[in-house]
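Enquirer: Got a structure here, written out as structure tokens. Questions coming.
Chains as they are written, first to last, in the working numbering: chain B, 8 to 414; chain H, -5 to 261.
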């Protein structure tokens, strides 16, 4: 397995939809046709200048792209090592990168003549953004969400309801993201003739991985320009640190830097290690989970010896997923990216430190990435540039933060 | 080449001028022992038994089968138990052809070859893998054939004509037609007449293939579809097990009653 140059990574799959050993289309027969229709539509529109103009128009004028790229001066001084920079992707309309994918899916659904769109959500951001975009583009929207997540991410649920979306609580299994995705796919099996489906991350059957990766790559497109503007060139030592759940923000944060030498531009993915003393985690890449099929794609996934998908545990609903994007599995095996995990406690500590020194309010998901940055920065030289994707705003976490930190 | 037990079962039904009755139950639902007892007990009315190996992230199953699957997994059912159930069932005198049905990750984890060897050893006659559609299943289907295990291809109302022809071309002696856009156990949302119309247009392509219809079939609807080669009832049975447990009744008796009724409706 090797990454090819000059071809976008999302297009480096074989004719069966596999990036190396990962990906594919493990779906019921009923979904073959809608998946094929979506594939044809997407491959046509991504070459269509008018469609691209439309996408760029909404990214810029509605979502507020480009988002800021700023230096965290105080945190840099405090850690006294590498420079700490962040891309404040949470500036986007809605407060997270999920709005990029949601917007593209709604634009595609409109072109396909669909009146309804459904989606899954964990932290509630994918659901909030989809409901927001659906409202903007006149689509009726249903969001599938685990009952446990509905309880712990109330602010985002309120936002979804305000956007007139119906939230469908999912009570099966662990009542989190994994079950929400399953239920959403089941709903699509039954309603694929009238309804479009948006998978909330770079997971699922091949085409959903591609559409999401294509959409979130906007982040690195902006970042590449901003870094060149700031430093005049790409720094000799640049590390791009991002949390990894399904992997949509990290893939988007890295994509345009894919072909730089990894010694110059290192990718560090931080998975959710779960509570410090718990055996459960949501870090299949870090803890060597076996390859298996989840939600239509071959990937590293937490599973038992029988092939049952294992329950995960993380303070961060957005990272609380037993599998991970086939793109990240591929990046791991080709050694282009390095993966590690942060525990719940480390993420909370990072959140406290960042908010103490900076006027930035990263949600629990990017707090995992900040935890890794805080860990490595003091050991690195001052000409090393660490850039963290602050991909979500902590507004949605206010109940958890209050409970855990008393604020 | 010898004729497979599955083909023989269809032949017998054709002689009796009725569709084959196929049932679906989940291995280990609600216990390992009970699920074997259910198989043994319904065997006398059923022509082919489908037995589900439960997976905890099923993307094609409706509520009733999900409930049955979670119940079985919660009770600790393992692949080795499932093969044991099959083995015991097949060793009885009047057992029927048996098809295992489930999701690919379980097979993948067990190891494709090891899984098929075990299938052959315990007497599994066919396999349905919900999330391994054509053409991705071509290699695996060939492996099945080598072990005399029928790989059952699925067709759906969304499958294009062109694709249907290719799938039929690669199919073995039984094909499963999904009646409507639904997960298992949905309410019939199109008329039986329309389902049979679709069914007949598929049947015309190759009359020698045995095509069964499944999804949404209950005591109420089964009679209206009896022109098909075979009819599968799954969720209605799983639901009967759920009801029996809730009412503290014996699921074996209740399921047997419902299956004998189903049989009457198509005889």
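Glycine included, each C-beta is placed from N, C-alpha and C at the ideal position.
The structure presented is a predicted model; accordingly, all values stated were derived computationally and were not measured.
Compare the beta carbon distance of residue 208 of chain B and residue 253 of chain B with 7 Å and say whether it is the shorter of the two.
Expert: Working through the first chain from its first residue, we reach residue 208 of chain B at position 201. Working through the first chain from its first residue, we reach residue 253 of chain B at position 246. It is a contact, given that the beta carbons lie within the stated cut-off.
Enquirer: With H, G and I counted as helix, E and B as strand and the rest as coil, what does DSSP make of residue 95 of chain B?
Expert: Taking the first residue of the first chain as position 1, residue 95 of chain B is located at position 88. Three-state result, residue 95 of chain B: coil.
Enquirer: List the whole-angstrom C-beta distance separating residue 186 of chain H from residue 218 of chain H, where the pair is believed to meet the contact cut-off of C-beta under 8 Å.
Expert: Counting from one through the second chain, the residue named residue 186 of chain H turns up at place 192. Counting from one through the second chain, the residue named residue 218 of chain H turns up at place 224. Their Cβ separation, rounded to whole angstroms, is 4 Å, which keeps residue 186 of chain H and residue 218 of chain H in contact under 8 Å.
Enquirer: Is it buried or exposed, residue 116 of chain H, if we count other Cβ atoms within 10 angstroms and call 16 or more buried?
Expert: As a position in the second chain, residue 116 of chain H is number 122, starting the count at 1. With 16 or more Cβ atoms within 10 Å of its Cβ, residue 116 of chain H is classed as buried.
Enquirer: What residue range does the beta strand (DSSP E) around residue 345 of chain B cover?
Expert: By 1-based counting over the first chain, the position of residue 345 of chain B is 338. 344 to 350 is the span of the beta strand (DSSP E), which, as asked, contains residue 345 of chain B.
Enquirer: Note down the Cα distance separating residue 73 of chain B from residue 52 of chain H, rounded to an integer number of angstroms.
Expert: As a first step, residue 73 of chain B is located in the first chain; it is residue number 66 there, counting from the start. As a first step, residue 52 of chain H is located in the second chain; it is residue number 58 there, counting from the start. Approximately 40 Å, taken between the alpha carbons.
Enquirer: For residue 211 of chain H, which option in H/-2, H/24, H/253 and H/29 has the closest C-alpha, if you only look at C-alpha atoms?
Expert: Within the second chain, numbered from 1, the residue matching residue 211 of chain H stands at position 217. Per the Cα distances, H/253.
Enquirer: What first and last residue would you give for the alpha helix (DSSP H) that runs through residue 318 of chain B?
Expert: Taking the first chain and counting its residues from 1, one reaches residue 318 of chain B at position 311. Counting along the chain, residue 318 of chain B falls outside any alpha helix (DSSP H), and DSSP gives it neither H nor E.
Enquirer: Between residue 37 of chain B and chain H, is any beta-carbon pair separated by less than 7 Å?
Expert: Within the first chain, residue 37 of chain B is the residue found at index 30, counting from 1. Yes, residue 37 of chain B counts as interfacial toward chain H.
Enquirer: Do residue 216 of chain H and residue 169 of chain H have their C-beta atoms closer together than 7 Å?
Expert: Reading the second chain from its first residue, position 222 is the one you call residue 216 of chain H. Reading the second chain from its first residue, position 175 is the one you call residue 169 of chain H. Not closer than 7 Å, so no.
Enquirer: By DSSP, does residue 178 of chain B sit in helix, in strand, or in coil?
Expert: Taking the first chain and counting its residues from 1, the one referred to as residue 178 of chain B is at position 171. Coil at residue 178 of chain B, not helix or strand.
Enquirer: Residue 148 of chain H touches chain B at which residues, Cβ-Cβ below 8 Å?
Expert: In the second chain, counting from the first residue as 1, residue 148 of chain H sits at position 154. Correct list: 35 and 36.
Enquirer: Once you ignore the five residues that flank residue 215 of chain B on each side, which residues in its own chain have a CB closer than 6 Å to its CB?
Expert: Within the first chain, the letter at position 208 stands for residue 215 of chain B. If we look at residue 215 of chain B and ignore the five residues flanking it on each side, its Cβ neighbours are 206.
Enquirer: Mind checking residue 55 of chain H: buried by the 16 CB within 10 Å criterion, or exposed?
Expert: Locating residue 55 of chain H in the second chain gives position 61, where the first residue counts as 1. By the neighbour-count rule (16 or more Cβ atoms within 10 Å), residue 55 of chain H is buried.
Enquirer: Indicate whether at least one CB of chain H lies closer than 7 Å to the CB of residue 200 of chain B.
Expert: Here residue 200 of chain B corresponds to residue number 193 of the first chain, with the count starting at 1. It does; some Cβ of chain H falls within 7 Å.
Enquirer: Strictly under 7 Å for the Cβ-Cβ distance: is residue 321 of chain B near chain H by that measure?
Expert: Looking up residue 321 of chain B in the first chain gives position 314. Judged by the 7 Å Cβ criterion, residue 321 of chain B is not in contact with chain H.
Enquirer: Give a yes or no on whether the minimum CB-CB distance between residue 176 of chain H and chain B is below 7 Å.
Expert: Within the second chain, residue 176 of chain H is the residue found at index 182, counting from 1. Judged by the 7 Å Cβ criterion, residue 176 of chain H is in contact with chain B.
Enquirer: Please name the residues in the stretch 223 to 244 of chain H whose beta-carbon is closer than 8 Å to at least one beta-carbon of chain B, in chain order.
Expert: The stretch 223 to 244 of chain H vs chain B, Cβ under 8 Å: nothing.
Enquirer: Tell me which residues of the stretch 99 to 117 of chain H have at least one Cβ-Cβ distance to chain B shorter than 9 Å, keeping chain order.
Expert: Those would be 99, 100, 101, 102, 103 and 104, in chain order.
Enquirer: What residue range is occupied by the uninterrupted alpha helix (DSSP H) comprising residue 246 of chain B?
Expert: What you label residue 246 of chain B is simply residue 239 of the first chain in a count that begins at 1. Unbroken run through residue 246 of chain B is the beta strand (DSSP E), 245 to 250; no alpha helix (DSSP H).
Enquirer: What does residue 316 of chain B touch in chain H if you count any residue whose Cβ is under 9 Å from its own?
Expert: Translated into positions along the first chain, residue 316 of chain B becomes position 309. Ordered by position in chain H, the residues that pass the 9 Å Cβ test against residue 316 of chain B are 49, 50, 51 and 99.
Enquirer: I need the boundaries of the alpha helix (DSSP H) containing residue 262 of chain H, first residue and last residue.
Expert: Absent from the model: residue 262 of chain H. The displayed extent of chain H is -5 to 261, so no value can be given.
Enquirer: Strictly by DSSP, which residues pair up with residue 369 of chain B?
Expert: As a working note, residue 369 of chain B is residue 362 in the first chain. In the DSSP output, where bridge partners are listed per residue, residue 369 of chain B has B/400.
Enquirer: If contacts are defined as beta-carbon pairs under 8 Å, then residue 274 of chain B and residue 354 of chain B qualify, I think. What distance do you get, rounded to the angstrom?
Expert: On the first chain, residue 274 of chain B is found 267 positions in, with the first residue counted as 1. On the first chain, residue 354 of chain B is found 347 positions in, with the first residue counted as 1. Contact flag wrong, Cβ pair sits at about 19 Å.
Enquirer: Anything in the stretch 127 to 160 of chain H with a Cβ closer than 9 Å to a Cβ of chain B? List those residues in chain order, please.
Expert: Of all residues in the stretch 127 to 160 of chain H, 127, 128, 129, 130, 147, 148, 149, 150, 151, 152, 153, 154 and 157 have a Cβ within less than 9 Å of some Cβ in chain B.
Enquirer: Does the Cβ of residue 335 of chain B have 16 or more other Cβ atoms within 10 Å, making it buried, or fewer, making it exposed?
Expert: Counting from 1 along the first chain, the entry for residue 335 of chain B is found at position 328. The residue is buried, with at least 16 neighbouring Cβ atoms inside 10 Å.
Enquirer: With a 10 Å radius around its C-beta and 16 neighbouring C-beta atoms as the bar for buried, classify residue -3 of chain H as buried or exposed.
Expert: What you label residue -3 of chain H is simply residue 3 of the second chain in a count that begins at 1. Under this definition residue -3 of chain H is an exposed residue.
Enquirer: Look at the alpha carbon of residue 121 of chain H and the alpha carbon of residue 185 of chain B, and state the distance between them as a whole number of angstroms.
Expert: Walking along the second chain from the start, residue 121 of chain H turns up at place 127. Walking along the first chain from the start, residue 185 of chain B turns up at place 178. The straight-line gap from Cα to Cα measures roughly 26 Å.
Enquirer: Below 9 Å on C-beta distance, what does residue 41 of chain B contact in chain H?
Expert: As a working note, residue 41 of chain B is residue 34 in the first chain. What residue 41 of chain B touches in chain H: 152.
Enquirer: Using 8 Å as the threshold, is the stretch 239 to 249 of chain B in touch with the stretch 385 to 395 of chain B, meaning 3 or more CB pairs across them?
Expert: The stretch 239 to 249 of chain B is in contact with the stretch 385 to 395 of chain B.
Enquirer: Checking contacts by CB at 7 Å: is residue 179 of chain H closer than that to chain B?
Expert: The count along the second chain starts at 1 and reaches residue 179 of chain H at position 185. It does not; no Cβ of chain B falls within 7 Å.
Enquirer: Using three-state DSSP, classify residue 196 of chain B as helix, strand or coil.
Expert: Counting from one through the first chain, the residue named residue 196 of chain B turns up at place 189. Looking at residue 196 of chain B - three-state DSSP - the assignment turns out to be helix.
Enquirer: Kindly indicate the opening and closing residues of the beta strand (DSSP E) around residue 209 of chain B.
Expert: For the purposes of this step, residue 209 of chain B is identified with residue 202 of the first chain, where counting begins at 1. First-last for residue 209 of chain B: undefined, no H or E at that position.
Enquirer: The alpha helix (DSSP H) spanning residue 131 of chain B covers which residue range?
Expert: Numbered from 1 along the first chain, position 124 holds the residue referred to as residue 131 of chain B. Careful: residue 131 of chain B lies outside any alpha helix (DSSP H) and carries neither H nor E.
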